Ligand code: PA5
């Protein structure tokens, strides 16, 4: 179980405050699990974790094995909830430089359709030159502009390279089972498809094919990931403050009520950066509405201590931190001695990098708490595929409960449409003409 430590929030939150939250958290948790709250037609993610692989998971693994055998590169097209989860998972487990040294048998994985940058597109085209590649198109609605543009281009590249029939074997569509342009295209073109269930919203979809296919192509154990999430479903169901989900959601809401409107989620692992991005979307889109919401920001320590550190330590006191810790890896690096000691580092001779990292963590924690920033710590333990599944479920459940405490619908994102409407008007998309 992930351990949530709230001993560094007591300056801003009192025990009576916390105990007074018990009923609110209980109600929010019940609203979520009983399906009686706003957006209750999007609760399918609660029951996605399974103990035994489903037929869909078996098909995902078979597709992944085929992609691994036949491709140097696998391109995953998608944006938002159709992109962040798989990228977060792969970078957390294999590091931000996971593509180095990979090729056929264990393909490189790149992401496309998550923006409109020509530079990014040109770079991808150069990367694909002379390479065998396959693509997954991920879009629940099947109509999102950024992935649709990337799909059109990559599909044509595949067809030019392998012919229409050859390309078909290298295109996988992950979308709604019945609706949308992507479903229609996939049916018409004969592409293999996987389903995003209608009752699972984009940012809660990482445990569907959206996350599982790219993770399996990356060589991760999707059965273990699901088993971890399945266990999480059981262990985070406790209805008391013994449940870390309760502690986390109660404390972040209490801090928000004390004027801490920004939550900074940090880790000392560079591979966690995209996980922070996934979390940012999950909480940002779920909570930021009706003029409410904790603004989610993510940071990488110690790197960002040399950029955001000053602001955290002495800027406006409107933030709280959630520090995520993992058990150190088995393989150690020990700092060597140097007979000249010109850099003055010999006092660390014989110490492991983990030891230095731990002191940096403890020093940062103490400094920020002294500076008036409440800190929640999360000890995740050993980083395994199962733990990854647990972590995804933990945050999704926390998000649903927290949003109901805040009294907003966790499963819609009406605000996202505004930029799209303006963009479509400017682009002259039929149906979006400016009214005069
Ligand atoms: O959480 C969400 O629902 C969104 O972030 C979507 O995932 C994102 O807008 C992409 O949508 P789609 O999968 O329909 O292309």
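Numbering (my numbering), first residue to last: 708 to 1143.
All residues carry an ideal CB built from backbone N, CA and C; glycine is no exception.
It should be emphasised that the depicted structure is a prediction, and the values quoted were computed from it without experimental measurement.
Going by the C-beta, is residue 996 closer than 7 Å to any heavy atom of the ligand PA5?
Within the chain shown, the letter at position 289 stands for residue 996. No, the Cβ of residue 996 stays beyond 7 Å of every heavy atom of the ligand PA5.
Bridge partners - residue 1053, DSSP secondary structure assignment
Your numbering for residue 1053 matches position 346 in the chain shown. Looking at the DSSP output, residue 1053 sits in no beta bridge, so it has no partner there.
Per DSSP, residue 815 is paired with what?
Indexing the chain shown from 1 puts residue 815 at position 108. Bridge partners of residue 815: 780.
Span of the alpha helix (DSSP H) holding residue 1035?
Here residue 1035 corresponds to residue number 328 of the chain shown, with the count starting at 1. Per DSSP, residue 1035 lies in no alpha helix (DSSP H) and is assigned neither H nor E.
Along the chain, which unbroken stretches of the alpha helix (DSSP H) at least 4 residues long are found entirely within the region 742-810?
Fully enclosed alpha helix (DSSP H) runs of 4 or longer: 762-777, 791-801.
Is residue 784 near the ligand PA5, in the sense that its beta carbon is under 7 Å from a heavy atom of that ligand?
In the chain shown, the residue the question calls residue 784 occupies position 77. For residue 784, the shortest separation between its Cβ and any heavy atom of the ligand PA5 does not lie below 7 Å.
How would you label residue 1137, buried or exposed, when you count the other beta carbons within 10 angstroms and need 16 or more for buried?
Locating residue 1137 in the chain shown gives position 430, where the first residue counts as 1. Exposed.
CA-to-CA distance, residue 832 to residue 1075, given in whole angstroms:
In the chain shown, the residue the question calls residue 1075 occupies position 368. In the chain shown, the residue the question calls residue 832 occupies position 125. Going from the Cα of residue 1075 to the Cα of residue 832 covers about 45 Å.
Three or more C-beta pairs closer than 8 Å, one from the region 802-821 and one from the region 780-794: is that the case here?
Yes, the region 802-821 is in contact with the region 780-794.
What's the C-alpha gap between residue 691 and residue 950?
No information on residue 691 is available, as it lies outside the stretch 708 to 1143 that the chain covers here.
According to DSSP, is residue 900 helix, strand or coil?
Residue mapping note: residue 900 aligns to position 193 of the chain shown, counting from 1. It is a strand residue.
Should residue 719 be labelled buried (16 or more other beta-carbon atoms within 10 Å of its own) or exposed?
Within the chain shown, numbered from 1, the residue matching residue 719 stands at position 12. Burial of residue 719 is indicated by the presence of at least 16 other C-beta atoms within 10 angstroms of its C-beta.
Buried or exposed: which applies to residue 1112, given that a residue is buried once 16 or more other Cβ atoms fall within 10 Å of its Cβ?
In the chain shown, counting from the first residue as 1, residue 1112 sits at position 405. Result: buried.
When we look at the beta-carbon of residue 1018 and count the other beta-carbons within 10 Å, is it buried (16 or more) or exposed?
To locate residue 1018, count along the chain shown from 1; it is residue 311. Exposed: under 16 other Cβ atoms inside 10 Å.
Given a cut-off of 8 Å, decide if residue 735 and residue 1004 are closer than it, judged by their beta-carbon atoms.
As a position in the chain shown, residue 1004 is number 297, starting the count at 1. As a position in the chain shown, residue 735 is number 28, starting the count at 1. No, these two residues do not count as a Cβ contact at 8 Å.
Runs of alpha helix (DSSP H) lying entirely within the region 988-1048, each at least 4 residues, in chain order:
Annotation note: the region 988-1048 contains the following uninterrupted alpha helix (DSSP H) runs of length 4 or greater, listed N- to C-terminal: 1016-1021.
Please list the terminal residues of the continuous alpha helix (DSSP H) segment that includes residue 952.
If you number the chain shown from 1, residue 952 lands on position 245. Per DSSP, residue 952 belongs to the alpha helix (DSSP H) from 951-964.
Secondary structure of residue 841, DSSP reduced to three states:
As a first step, residue 841 must be located in the chain shown, where it is residue number 134. Strand, per DSSP.
Pick helix, strand or coil for residue 829, following the three-state DSSP scheme.
By 1-based counting over the chain shown, the position of residue 829 is 122. Helix at residue 829.
Measure the alpha-carbon distance for residue 874 versus residue 1100 and round it to whole angstroms.
Walking along the chain shown from the start, residue 874 turns up at place 167. Walking along the chain shown from the start, residue 1100 turns up at place 393. Straight-line Cα distance between these residues: approximately 35 Å.
Closest to residue 995 by C-alpha separation, out of 1006, 970, 774, 1013, would be which residue?
Working through the chain shown from its first residue, we reach residue 995 at position 288. Relative to residue 995, the option among 1006, 970, 774, 1013 whose CA is nearest is 970.
Compare the C-alpha of residue 730 against each of 892, 946, 792 and name the closest.
As a position in the chain shown, residue 730 is number 23, starting the count at 1. The residue with the shortest Cα to Cα distance from residue 730 is 946.
Do residue 847 and residue 882 come within 8 Å of each other at the CB atom, strictly closer than that value?
For this step, residue 882 is matched to residue 175 along the chain shown. For this step, residue 847 is matched to residue 140 along the chain shown. Yes. Within cutoff.
Tell me the rounded alpha-carbon separation between residue 983 and residue 967.
Locating residue 983 in the chain shown gives position 276, where the first residue counts as 1. Locating residue 967 in the chain shown gives position 260, where the first residue counts as 1. Looking at the two C-alpha atoms, the distance is approximately 19 Å.
Could you give the DSSP three-state label for residue 1062: helix, strand or coil?
Position 355 of the chain shown, counted from the start, is the residue given in the question as residue 1062. It is helical.
Helix, strand or coil for residue 892, going by three-state DSSP, please let me know.
Here residue 892 refers to the residue found at position 185 when the chain shown is read from its first residue. Correct three-state label for residue 892: helix.
Residue 912 - DSSP class collapsed to helix/strand/coil:
Taking the chain shown and counting its residues from 1, the one referred to as residue 912 is at position 205. In the structure shown, residue 912 falls within a coil segment according to DSSP collapsed to helix, strand and coil.
Taking just the CA atoms, how far does residue 788 sit from residue 908?
As a first step, residue 908 must be located in the chain shown, where it is residue number 201. As a first step, residue 788 must be located in the chain shown, where it is residue number 81. Approximately 8 Å, taken between the alpha carbons.
Compute every distance between the C-beta of residue 886 and the non-hydrogen atoms of the ligand PA5, then say whether any falls below 7 Å.
Here residue 886 refers to the residue found at position 179 when the chain shown is read from its first residue. For the ligand PA5, not one heavy atom lies less than 7 Å from the Cβ of residue 886.
Could you check whether residue 910 and residue 853 sit closer than 8 Å to each other, using their CB atoms as the reference points?
Translated into the one-based positions of the chain shown, residue 853 becomes position 146. Translated into the one-based positions of the chain shown, residue 910 becomes position 203. No, they are not a contact pair.
Rounded to a whole number of angstroms, what is the C-alpha to C-alpha distance between residue 876 and residue 897?
In the chain shown, residue 876 corresponds to position 169, counting from 1. In the chain shown, residue 897 corresponds to position 190, counting from 1. Straight-line Cα distance between these residues: approximately 9 Å.
Check the C-beta distance from residue 933 over to residue 1087 and give it rounded, since I have them as a contact under 8 Å.
For this step, residue 933 is matched to residue 226 along the chain shown. For this step, residue 1087 is matched to residue 380 along the chain shown. Incorrect: roughly 18 Å between the Cβ atoms, too far for contact.
Output yes or no for whether 8 Å exceeds the beta carbon distance between residue 715 and residue 961.
The count along the chain shown starts at 1 and reaches residue 715 at position 8. The count along the chain shown starts at 1 and reaches residue 961 at position 254. Annotated as distal: residue 715 and residue 961, with beta-carbon spacing of 8 Å or more.
Residue closest to residue 750, alpha-carbon to alpha-carbon, out of 1116, 1130, 1134, 1135:
Translated into positions along the chain shown, residue 750 becomes position 43. Measuring C-alpha to C-alpha distances from residue 750 to each of 1116, 1130, 1134, 1135 identifies 1116 as the nearest.
Spatially closest choice to residue 927 from 1090, 998, 733, 1044, by CA coordinates:
Position 220 of the chain shown, counting from 1, holds the residue named residue 927. Selected option, being the one with the closest Cα: 1090.
So, residue 974 versus residue 792, is the Cβ gap smaller than 8 Å?
Counted from its first residue, the chain shown places residue 974 at position 267. Counted from its first residue, the chain shown places residue 792 at position 85. The Cβ atoms of residue 974 and residue 792 do not sit closer than 8 Å to each other.
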